[in-house]
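Peer 1: Below is one structure. I have some questions about it.
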Amino acid sequence: MAQSGDTGQNSVDTTDVFTTNDKFDTREDVLKWAEDFGIANKVSIIITRSDKKNGIRGRNDKLILGCDRGGKYDTSQSSTSTASKKCNCPFKLRATPSIDGSGWKVQVQYGVHNHGLPDQYAGHPRKARLTAEENKHVEELTKCRVAPRNIVISLKEKNPESVVDANQIYRKRNKLQKEERGSRTNTQHLLQRLDDVNFVTWNRRRDDGSNVLSDIFWAHPDSIKLLNLFPTVLTMDCTYKTNKYRLPLLEIVGTTSTNLTYNVGFAYMESEKTNNYRWALEKLKGLFTKQDILPQVIVTDIELALMNAIGFVFPHAVNLLCTWHVNKNVSSRCSVLVPKDMHDLVKKLWNNVVFSSNEVEYGLNLNEFDQACVNSRKFHDYVKNSWLNNYKERFVTTWTNKVMHLGNTMSNRAESAHWKLKQMLEHSKEHIHSGPFFQNLRSFVSRAAMTLISDEFERVNMTPGYPLPDVTLDWKKYRSPEATSWMSNLTNRLQYWRILDHSVKPSFGVVVVD
Numbered sequence: 191m192a193q194s195g196d197t198g199q200n201s202v203d204t205t206d207v208f209t210t211n212d213k214f215d216t217r218e219d220v221l222k223w224a225e226d227f228g229i230a231n232k233v234s235i236i237i238t239r240s241d242k243k244n245g246i247r248g249r250n251d252k253l254i255l256g257c258d259r260g261g262k263y264d265t266s267q268s269s270t271s272t273a274s275k276k277c278n279c280p281f282k283l284r285a286t287p288s289i290d291g292s293g294w295k296v297q298v299q300y301g302v303h304n305h306g307l308p309d310q311y312a313g314h315p316r317k318a319r320l321t322a323e324e325n326k327h328v329e330e331l332t333k334c335r336v337a338p339r340n341i342v343i344s345l346k347e348k349n350p351e352s353v354v355d356a357n358q359i360y361r362k363r364n365k366l367q368k369e370e371r372g373s374r375t376n377t378q379h380l381l382q383r384l385d386d387v388n389f390v391t392w393n394r395r396r397d398d399g400s401n402v403l404s405d406i407f408w409a410h411p412d413s414i415k416l417l418n419l420f421p422t423v424l425t426m427d428c429t430y431k432t433n434k435y436r437l438p439l440l441e442i443v444g445t446t447s448t449n450l451t452y453n454v455g456f457a458y459m460e461s462e463k464t465n466n467y468r469w470a471l472e473k474l475k476g477l478f479t480k481q482d483i484l485p486q487v488i489v490t491d492i493e494l495a496l497m498n499a500i501g502f503v504f505p506h507a508v509n510l511l512c513t514w515h516v517n518k519n520v521s522s523r524c525s526v527l528v529p530k531d532m533h534d535l536v537k538k539l540w541n542n543v544v545f546s547s548n549e550v551e552y553g554l555n556l557n558e559f560d561q562a563c564v565n566s567r568k569f570h571d572y573v574k575n576s577w578l579n580n581y582k583e584r585f586v587t588t589w590t591n592k593v594m595h596l597g598n599t600m601s602n603r604a605e606s607a608h609w610k611l612k613q614m615l616e617h618s619k620e621h622i623h624s625g626p627f628f629q630n631l632r633s634f635v636s637r638a639a640m641t642l643i644s645d646e647f648e649r650v651n652m653t654p655g656y657p658l659p660d661v662t663l664d665w666k667k668y669r670s671p672e673a674t675s676w677m678s679n680l681t682n683r684l685q686y687w688r689i690l691d692h693s694v695k696p697s698f699g700v701v702v703v704d
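For the sequence shown, our numbering assigns the number 191 to the initial residue and increments by one for each residue that follows.
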């Protein structure tokens, strides 16, 4: 018989293995026999052609089986450049019903493989293919945001002989996401997901006249209500590694009168330029119901583009710099530019400068610091030129205590929110419409925040006067009228929250703030 593919030195003849005189009742029996014999001999059998008798001339029952490495890889069917296991293997089996009606018979049309067989078959995709029951189980666990590695454990607990690995679960999850997205692009799907859970969104296109989106801003209605209740202090920071496109995600968080954190809004930006930040902050400004109630303090890192944008959009807000990041930068330069035996002393004196309680103390502490750095001029010049000369009012306690920052002099609130956010996103190569994130973010910024506020009110000392931590004793000077009204009905609200937490389970856990 003519050979249908090239064979080489690694060719393997399996003619004897698949030669049989047995008859099979149905085509399914033929397929099961071929698959079982294939697994036993490390050969993966697939259907290459199937036909059924339907009364049309030339259409008869038959089943053509081949090796899974048969045929050639069609590069036009894939948008990615990947390797292929296909090598035009000529192996072929033909199964047809017997003329006498005694069952299906199998003939080996070509039993030679033009490639070697694997040393082991346990991890072969054919053997590891998910069953219908396993597929359903994976779908259910994926919807519950179970990690792929834990899904594998669950499958193997149900079936100890399963050889499914995490890669298959990732592929299955990607398939589910594609099915959910349908014909929409990633960006269209993101906007649809935001709309499905009632987020307030804005987006804009590039200025070059193209139809490409450059920035997207979104906020949840409950977050907007919290923002208008507690607008005094906001913290802003960008996080990365949240999506496969490496777009920076601007996260804005606020601080309640009980020193708790709530999420305000988010923005995917094309780049970290002043123009992008300014657009996002303009949208943030549009969330305020009254333009005379705007943030008084905004805490950021030393991000010049963001700082410039804040100056444009919120000119009356005090932009504090995160003391932790300032100290980290100074400490890093100290380790390089200052003699090792002086490290501890210089760092101690620097901390004294940063946490000086008044200007007189600041002058004395700065003088001591200057004296200690006499022999480290590069380090001294770095500290003066990069920090003290231009930004001391933004991070030195002497000046930061002149504004009502509610104890927020670091961006750790935003960093903590980043961590929670990334736990929801699960990993850095998700699409920007990552399903679990947008399904659960609504609770993340509403019920979770309000429950914490409720718990905090019960935790603090409810003595006559101000039911607040010491750091916010002057809060009446800075609170909004909405916050005043909100606090006046505190007892009833606490009772409402208790009832809600224990007996009422609303969809998505939304708490409505009057």
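Glycine is no exception: its CB is placed at the ideal position from the N, C-alpha and C atoms.
Quick caveat, the model's predicted, so the values are computed rather than measured.
1) Short check: CB of I488 to CB of H515, under 8 angstroms?
2) So, is the C-beta of N200 closer than 8 angstroms to a C-beta in chain C?
3) Taking DSSP as the reference, what is the three-state secondary structure of S697?
4) For P350, which three-state DSSP category applies?
5) Would you tell me roughly how many angstroms separate the C-alpha atoms of E323 and V336, rounded to the nearest one?
6) Leaving aside the five residues before and after T391 along the sequence, list all residues of the same chain whose C-beta is less than 6 angstroms from its C-beta, in chain order.
7) If I measure Cβ to Cβ from I235 and keep anything under 6 angstroms in the same chain, skipping five residues before and after, which residues do I get?
8) Out of curiosity, what's the CA-to-CA distance linking S240 and D215?
9) Applying the 10 Å Cβ sphere with the 16-neighbour rule, what's the burial state of Q297?
10) At 4 residues or longer, what runs of the alpha helix (DSSP H) sit wholly inside the stretch 344-408?
11) Give me, in chain order, the residues of the same chain whose beta-carbon lies closer than 8 angstroms to that of Q299; leave out the 5 immediate sequence neighbours on both sides.
12) So the candidates are K252, V302 and G291; which of them puts its Cα closest to the Cα of G260?
13) Buried or exposed, going by whether 16 or more other CB atoms sit within 10 Å of the CB of L496?
14) Could you compute how far the alpha carbon of T587 sits from the alpha carbon of I500?
15) Report yes or no: do the stretch 417-426 and the stretch 466-486 share at least 3 C-beta pairs separated by less than 8 angstroms?
16) By Cβ distance below 8 angstroms, which residues in the same chain neighbour L381 in space, the five residues on each side in sequence not counted?
17) How should V526 be labelled, buried or exposed, when 16 other C-beta atoms within 10 angstroms of its C-beta is the threshold for buried?
18) Please classify R284: does DSSP put it in a helix, a strand, or coil?
19) Pairs of beta-carbons, one from the stretch 410-425 and one from the stretch 473-485, closer than 8 angstroms: are there three or more?
20) Please go through the same chain and pick out, in chain order, the residues whose beta-carbon is closer than 7 angstroms to the beta-carbon of H533, but skip the five residues on each side of it.
21) Is the beta carbon of S400 sitting closer than 8 angstroms to the one on Y452?
22) Mark H623 as exposed unless 16 or more other C-beta atoms lie within 10 angstroms of its C-beta, in which case mark it buried.
23) Could you tell me the boundaries of the beta strand (DSSP E) in which C257 lies?
24) Leaving aside the five residues before and after V402 along the sequence, list all residues of the same chain whose C-beta is less than 7 angstroms from its C-beta, in chain order.
25) Measure from the alpha carbon of C279 to the alpha carbon of each residue in P350, D203, T210 and N211, then state which is nearest.
26) Buried or exposed: which applies to I442, given that a residue is buried once 16 or more other Cβ atoms fall within 10 Å of its Cβ?
27) If you check the beta carbons only, do W577 and E583 fall under 8 angstroms apart?
28) Any contact of the stretch 331-347 with the stretch 356-372, i.e. 3+ C-beta pairs under 8 angstroms?
29) Output needed for R371: all residues of its chain with C-beta closer than 6 angstroms, excluding positions within five of it in sequence on either side, in chain order.
30) Does the Cβ of T653 have 16 or more other Cβ atoms within 10 Å, making it buried, or fewer, making it exposed?
31) Give me whichever residues DSSP pairs with I492 in a beta bridge.
32) Under the three-state reduction of DSSP, which class applies to Y430: helix, strand or coil?
33) Could you tell me which residues DSSP puts in a beta bridge with Y452?
34) If contacts are defined as beta-carbon pairs under 8 angstroms, then H595 and L510 qualify, I think. What distance do you get, rounded to the angstrom?
35) Distance check for L307 and D258, CA to CA, integer angstroms please.
36) Can you tell which of S447, Y430, N449 and T513 has the C-alpha that lies nearest to the C-alpha of F456?
Peer 2: Taking the structure as given:
1) Not closer than 8 angstroms, so no.
2) No chain C is part of this structure, which consists of one protein chain only.
3) Its pLDDT being 32, under 50, S697 is placed unreliably by the model, and the measurement read from it follows with that caveat. In this structure, S697 counts as helix in the three-state DSSP scheme.
4) coil
5) 17 angstroms
6) L384 and W408
7) A224, E225, G228 and L255
8) 17 angstroms
9) It is exposed - the Cβ of Q297 has fewer than 16 other Cβ atoms within 10 Å.
10) 356-371 and 376-386
11) M191, K282, L283 and R284
12) V302
13) The residue is buried, with at least 16 neighbouring Cβ atoms inside 10 Å.
14) Near 21 angstroms, if we compare the C-alpha coordinates of I500 and T587.
15) Yes, the stretch 417-426 is in contact with the stretch 466-486.
16) Hits under 8 angstroms: T391, N393 and I406.
17) exposed
18) Looking at R284 - three-state DSSP - the assignment turns out to be strand.
19) yes
20) Result list for H533: C524 and S525, in chain order.
21) no
22) Confidence at H623 is low in this model, with a pLDDT of 47, below 50, so its placement is unreliable and the value that follows should be read with caution. Under this definition H623 is a buried residue.
23) Segment K252 to C257, the beta strand (DSSP E) holding C257.
24) R395 and R396
25) D203
26) buried
27) no
28) Judged by Cβ distances under 8 angstroms, the stretch 331-347 makes contact with the stretch 356-372, as three or more pairs qualify.
29) H379
30) Note that T653 scores 41 on pLDDT, short of 50, meaning its location in the model is unreliable and no value can be drawn from it.
31) According to DSSP, I492 bridges with nothing at all.
32) coil
33) G444
34) 6 angstroms
35) 12 angstroms
36) Y430
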